[in-house]
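Below is one structure, written out as structure tokens; the observations come after it.
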Amino acid sequence: MSTEATTTAATDQQDGGAVVPGASGGADLVIEHVSKRFAAFTAVDDLSLTIPSGSFFALLGPSGCGKSTTLRMVAGLEQPSEGRLRIGDEDVTDLPSHRRPVNTVFQSYALFPHMSVLDNVAFGLKQRKVRDAVARAKEALELVELGHLAGRRPAQLSGGQQQRVALARAVVNKPQVLLLDEPLGALDMKLRRQMQVELKQIQTELGLTFVHVTHDQEEAMTMADVVAVMNEGRIEQMGAPRELYELPRTAFVANFLGKSNLMHGTVVGREGDYLLVEAAGGVQRLRTDRAVAHDGAVVLGVRPEKMRIFTSGEETVPAGHNRLDGTIIDASFTGVSTEYLVDVPGVGTVGTFTQNMGQATGRAGDPAVMCWDPDFTFGLAGDDDVAAGAAERDA
Amino acid sequence: MGLKQRMGRWLVPVIGGLAFVYLLVPIAYIFVFSFNDAARTNLTWQGFTLANWKNPCGAPNICDALGNSLSVAFVATIIATVLGTAIALGLARYKFRFRKLADILIILPLATPEVVLGASLLAQFLNLGWELGYWTVVLSHVTFCMAFVVVTVRARVSALDGRLEEAAGDLYASPRTTFWKVTFPLLLPGVVAAALLSFAMSFDDFIIANFNSGSFDTFPKFIYVAATRGIPAQANVIGSGIFLIALAIVVIGTVVSYRRQKALAAR
Amino acid sequence: MSAPAVRRPEPKRPEPAAELSATERRAEKARGRIGVGLIVPGFVYLLLFFAAPVFVLLAMSLYAKPPGAETGVFVPAFEISNYAVALSQYWEPLVRSFLFAGIATVLALLIGYTMAYLVAVRLRQHKLLASILLVILIAPFFSSFVLRTQAWKQILADEGFVVEALRFVAILPEDGRLTATSIAVVAGLTYNFLPFMTLPIYASLERLDTRLLEAAGDLYASPMTAFRRVTLPLSMPGVFAGTLLTFIPASGDYINAAILGNNRDTSMIGQVIDSRFFQIVDYPMAAALSTVLMVVILILVMLYIRKFGTKELF
Chain A
395 MSTEATTTAA
405 TDQQDGGAVV
415 PGASGGADLV
425 IEHVSKRFAA
435 FTAVDDLSLT
445 IPSGSFFALL
455 GPSGCGKSTT
465 LRMVAGLEQP
475 SEGRLRIGDE
485 DVTDLPSHRR
495 PVNTVFQSYA
505 LFPHMSVLDN
515 VAFGLKQRKV
525 RDAVARAKEA
535 LELVELGHLA
545 GRRPAQLSGG
555 QQQRVALARA
565 VVNKPQVLLL
575 DEPLGALDMK
585 LRRQMQVELK
595 QIQTELGLTF
605 VHVTHDQEEA
615 MTMADVVAVM
625 NEGRIEQMGA
635 PRELYELPRT
645 AFVANFLGKS
655 NLMHGTVVGR
665 EGDYLLVEAA
675 GGVQRLRTDR
685 AVAHDGAVVL
695 GVRPEKMRIF
705 TSGEETVPAG
715 HNRLDGTIID
725 ASFTGVSTEY
735 LVDVPGVGTV
745 GTFTQNMGQA
755 TGRAGDPAVM
765 CWDPDFTFGL
775 AGDDDVAAGA
785 AERDA
Chain B
205 MGLKQRMGRW
215 LVPVIGGLAF
225 VYLLVPIAYI
235 FVFSFNDAAR
245 TNLTWQGFTL
255 ANWKNPCGAP
265 NICDALGNSL
275 SVAFVATIIA
285 TVLGTAIALG
295 LARYKFRFRK
305 LADILIILPL
315 ATPEVVLGAS
325 LLAQFLNLGW
335 ELGYWTVVLS
345 HVTFCMAFVV
355 VTVRARVSAL
365 DGRLEEAAGD
375 LYASPRTTFW
385 KVTFPLLLPG
395 VVAAALLSFA
405 MSFDDFIIAN
415 FNSGSFDTFP
425 KFIYVAATRG
435 IPAQANVIGS
445 GIFLIALAIV
455 VIGTVVSYRR
465 QKALAAR
Chain C
3 MSAPAVRRPE
13 PKRPEPAAEL
23 SATERRAEKA
33 RGRIGVGLIV
43 PGFVYLLLFF
53 AAPVFVLLAM
63 SLYAKPPGAE
73 TGVFVPAFEI
83 SNYAVALSQY
93 WEPLVRSFLF
103 AGIATVLALL
113 IGYTMAYLVA
123 VRLRQHKLLA
133 SILLVILIAP
143 FFSSFVLRTQ
153 AWKQILADEG
163 FVVEALRFVA
173 ILPEDGRLTA
183 TSIAVVAGLT
193 YNFLPFMTLP
203 IYASLERLDT
213 RLLEAAGDLY
223 ASPMTAFRRV
233 TLPLSMPGVF
243 AGTLLTFIPA
253 SGDYINAAIL
263 GNNRDTSMIG
273 QVIDSRFFQI
283 VDYPMAAALS
293 TVLMVVILIL
303 VMLYIRKFGT
313 KELF
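Which chain is which? The protein sequence lines are A, B and C, in order. Under my numbering, the very last position in the first sequence is 789; numbers go up by exactly one each time. Under my numbering, the very last position in the second sequence is 471; numbers go up by exactly one each time. Under my numbering, the very last position in the third sequence is 316; numbers go up by exactly one each time.
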């Protein structure tokens, strides 16, 4: 990354922008009670969000959850059926897309095939009649390390290069909000990882507000400061990636964002900071402040990596740990670890794994004991669907 | 390999090759007989001469007819291309009531034989009491050229990625700027192809012009009328000349795009 | 850096709900206005110079000739009998037109498909040769229709070398001839409309993914079966467009019949319409014949679309 170019780009305040009000560096994006209804279905349902200036925000959800529609409404490519959109102090709901201080990196890049790479990047600046548009476009191309390809046509670039051009074309305008619509979707795994790091770096350097739409939970967690998980037009849960992962509040989030083992149970009492929950033929402990519901039916959850599994029958479960007993259905050795699927009566199939420290591995048919520190347990509403989000994650 | 398969392997190139020769026979004949040393009736070979090529306007009225045809084709093409491109954009991009009906109204001129179109327009002009001549031919040609323009350009509009226009809007281009900077340049190849097609169709049309031209002469009409008493060799000269010019344009275009593709592939 | 740029299919734009917000309505309305603005001029033109003329023609086909009036004088009437006269007097050229056009369409399909297949599939790897043949394919468009037809007349003339050769090998009898016969007219129609058949077929064959043929071969299909089950079905849109683009103009054409035919048993309906208008000056009869031609073609085309039709007509 050429630091020289980025520093100039970052300190360069926009001076020629007649259309875009305010200073660069981003502004709060406020979505107030926005809905979008189509003839057959409601894509976005009474959505309210505030995305603080300068943050890297990810809208995460399966396809059809309304995340792209939300993005398109912010960009002005779609009009909300209800609600208002504000950027900073300005209500932009009724502004056409070309008057909004927002730029988009499109999923398919949407590079103009009849223009050179440089002309593509300079397009927005020229529309706003910014002086030295070409010089700035060149700087932006240097920022994404494509300065040497300025004269080419988009069709002559690889997918990864096109992606960088699309990014340069958007960031060069220093929009108050930069929208990214599955920008890495068309790239292969390796390139994707690399671009994730670079995108994050660029965002940090420029200090712009990024709103990133993706269905890839890993991508969302690696890059974003704040992740909002969307499902069926609503936001299920919003927070820092770690917070969402460690303490999901719905089964959908628990399953869509990483894997979870969920089981039905009933609250039978309290003990200090813990709820006592009868589940899987025993009493499990759950911290009161980690539970959505505090009495009656609840759903207990624990992440696979928080569990330990004993297959030799010699180890003892530490005192105070939650415990499950079952039979191994499948054990697959992957080198780094061994992944187990264990049938637990009254719960169903539970997944976990052990790091390969040289210990013997269990085999299908062997009995197994699993346990975990009760502080890792999370509690969901008793009527939540334990399968929600699992199929969408694997899709 | 069985006999059947071997035959199958050769059948396509042989029949196809013969068909290409078949396509070229009359064109070659016209070319050869443009050098025929025959004064009036260019029917049998009388010997080689360059005289016809030196004086292509030698036959009476032939260049007037040629000029008329070029002028009609030029004007009709411009009108048809502008109107047809607008319709193609409107039909492919926007929703409104009566669109189905509009679709049919566009397709119908293509499904109408020229003789019926010619006769209808003649009936209309007779009815309106308009004098047949240059403008009635132009107006008739616009009708049938426009349908071709709509079909050609519309295919191009449908193939256009709508996200490019969204991207332009996102990059501060007003709808007007978006059209002229993004949409139109991307449609241009289709529009040019449609205009060329239109020009060729208008220039070569005999039937519709025959119905609606009155005493106004076009080049195809000139040849058709002359055919009864022998076509002058100058007609072959003009026909061959136009052929060679068009051929040169297409060949140059093909070679250029072939080279460019090769250069791209080599990169 | 290289990555396969996989293009996802774009999700279909959903229809907005029936109740629209003010903002939605404004956007929709603006789009609708532009759309209507774009098509209005062209449609006014088509109404004036296509729809109206067809109606005038229909009306004229019912005009009557007042008794004792001069040639070319007719009054508006509702003379249905014009059609009876037209059909009874001219059924022969009418039937002949469709017959000739039909035969020419089939011949053009056989020849045109072979040419298109040769260029688009067999020569796909030989880009330069394919482009040269493609230029030949459109070459007839660069030269005059009437002039080419006249050239055929001279090539096939009685004293020409083709006829002499055919007589020599006794395919033609000593006094046999090619011009002024039905064969010459059909051959002329086939020749003249061949590019209209070949180009659409070429366009659909060019898009054919030849890996599908390899897959068919891999699944035990012989080349013939692969052609019948894979290539042919995938090229049907081109065949469909090509046959319509050939049959419709061929059935109304009269240049071929006039130049390559005779006055007895080769005349087509176009010739009759032309002569009713300009020589006999019987406008109602000419209009009635035009109407019949148009109606028959529309019926045939509609039956054809219903039987083989794809959704997109062209």
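We treat Cβ as the ideally placed atom computed from N, Cα and C, and that holds for glycine. In this text the structure is predicted, and so the values were computed from the model without any measurement.
Integer Cβ distance of residue i from residue j, believed to fall under 8 Å
| i | j | result |
| --- | --- | --- |
| residue 296 of chain B | residue 358 of chain B | 5 Å |
| residue 214 of chain C | residue 232 of chain C | 5 Å |
| residue 121 of chain C | residue 111 of chain C | Contact flag wrong, Cβ pair sits at about 16 Å. |
| residue 414 of chain B | residue 337 of chain B | Not quite, the Cβ-Cβ distance comes to about 13 Å (not below 8 Å), so this is no contact. |
| residue 589 of chain A | residue 454 of chain A | With a Cβ gap of about 17 Å, residue 589 of chain A and residue 454 of chain A do not count as contacting. |
| residue 41 of chain C | residue 242 of chain B | At roughly 52 Å, the Cβ-Cβ gap does not stay under 8 Å, so residue 41 of chain C and residue 242 of chain B are not in contact. |
| residue 704 of chain A | residue 607 of chain A | Not a contact, Cβ separation roughly 43 Å. |
| residue 559 of chain A | residue 540 of chain A | 6 Å |
| residue 416 of chain B | residue 348 of chain B | The Cβ separation is near 11 Å, so there is no contact. |
Span of the beta strand (DSSP E) around residue i
| i | result |
| --- | --- |
| residue 765 of chain A | 761–766 |
| residue 722 of chain A | 716–727 |
| residue 427 of chain A | 423–431 |
| residue 331 of chain B | That residue, residue 331 of chain B, is in no beta strand (DSSP E); its alpha helix (DSSP H) goes 318–332. |
Pair within 9 Å by beta-carbon distance, residue i and residue j
| i | j | result |
| --- | --- | --- |
| residue 63 of chain C | residue 293 of chain C | yes |
| residue 500 of chain A | residue 618 of chain A | no |
| residue 663 of chain A | residue 670 of chain A | yes |
| residue 237 of chain C | residue 95 of chain C | no |
| residue 285 of chain C | residue 273 of chain C | no |
| residue 222 of chain B | residue 250 of chain C | no |
| residue 448 of chain A | residue 601 of chain A | yes |
| residue 687 of chain A | residue 661 of chain A | yes |
| residue 437 of chain B | residue 239 of chain B | yes |
| residue 556 of chain A | residue 505 of chain A | yes |
| residue 360 of chain B | residue 292 of chain B | yes |
| residue 117 of chain C | residue 193 of chain C | no |
| residue 243 of chain C | residue 202 of chain C | yes |
| residue 578 of chain A | residue 605 of chain A | no |
| residue 693 of chain A | residue 774 of chain A | yes |
Run of the alpha helix (DSSP H) containing residue i, from where it starts to where it stops
| i | result |
| --- | --- |
| residue 596 of chain A | 583–600 |
| residue 461 of chain A | 461–469 |
| residue 91 of chain C | 83–119 |
| residue 62 of chain C | 54–62 |
| residue 628 of chain A | Counting along the chain, residue 628 of chain A falls outside any alpha helix (DSSP H), though it belongs to the beta strand (DSSP E) covering 628–633. |
| residue 516 of chain A | 511–521 |
| residue 255 of chain C | No alpha helix (DSSP H) holds residue 255 of chain C; DSSP gives it neither H nor E. |
| residue 769 of chain A | Unbroken run through residue 769 of chain A: none, as it is neither H nor E. |
| residue 163 of chain C | 163–170 |
Beta carbon proximity, residue i to chain D, threshold 9 Å
| i | result |
| --- | --- |
| residue 498 of chain A | Structure shown: chain D not included; protein chains present are A, B and C. |
Check whether the region 762–781 of chain A touches the region 617–635 of chain A, taking contact to mean three or more Cβ pairs, one atom from each stretch, closer than 8 Å. no
Selection of the region 467–495 of chain A by Cβ proximity to chain C, strictly under 7 Å: 473, 474, 475, 476, 487 and 488
Any C-beta of chain B within less than 7 Å: which residues of the region 150–166 of chain C qualify? 150, 152, 153, 154, 156 and 157
Is the region 498–513 of chain A in contact with the region 44–60 of chain C, if contact means three or more CB pairs nearer than 8 Å? no
Cβ-based contacts, 8 Å cut-off: residues of the region 440–462 of chain B near chain A: none
What are the residues in the region 313–324 of chain B lying within 9 Å of chain C by C-beta distance? 313, 314, 315, 316, 317, 318, 319, 320, 321, 322, 323 and 324
Interface positions of the region 356–375 of chain B facing chain A (Cβ-Cβ less than 8 Å), listed along the chain: 365, 367, 368, 370, 371, 372, 373, 374 and 375
Three or more C-beta pairs closer than 8 Å, one from the region 549–556 of chain A and one from the region 349–356 of chain B: is that the case here? no
Segment contact, 8 Å Cβ cut-off, at least three pairs: the region 81–99 of chain C with the region 360–380 of chain B: no
Check whether the region 417–429 of chain B and the region 215–235 of chain B touch, using three or more Cβ-Cβ pairs below 8 Å as the test. no
Are the region 373–384 of chain B and the region 484–495 of chain A in contact at 8 Å, needing three or more beta carbon pairs? yes
Pull out every residue of the region 387–415 of chain B whose Cβ sits closer than 9 Å to any Cβ of chain C, in chain order. 401, 404, 405, 407, 408, 409, 410, 411, 414 and 415
Can you give me, in chain order, the residues of the region 103–116 of chain C that have a beta carbon less than 7 Å from any beta carbon in chain B? 113 and 116
For the region 508–534 of chain A, which residues have a beta carbon sitting closer than 8 Å to at least one beta carbon of chain B? 508, 517, 518, 521 and 522
Does the region 529–548 of chain A come into contact with the region 390–402 of chain B, if we say contact requires no fewer than three beta-carbon pairs (one atom in each stretch) closer than 8 Å? no
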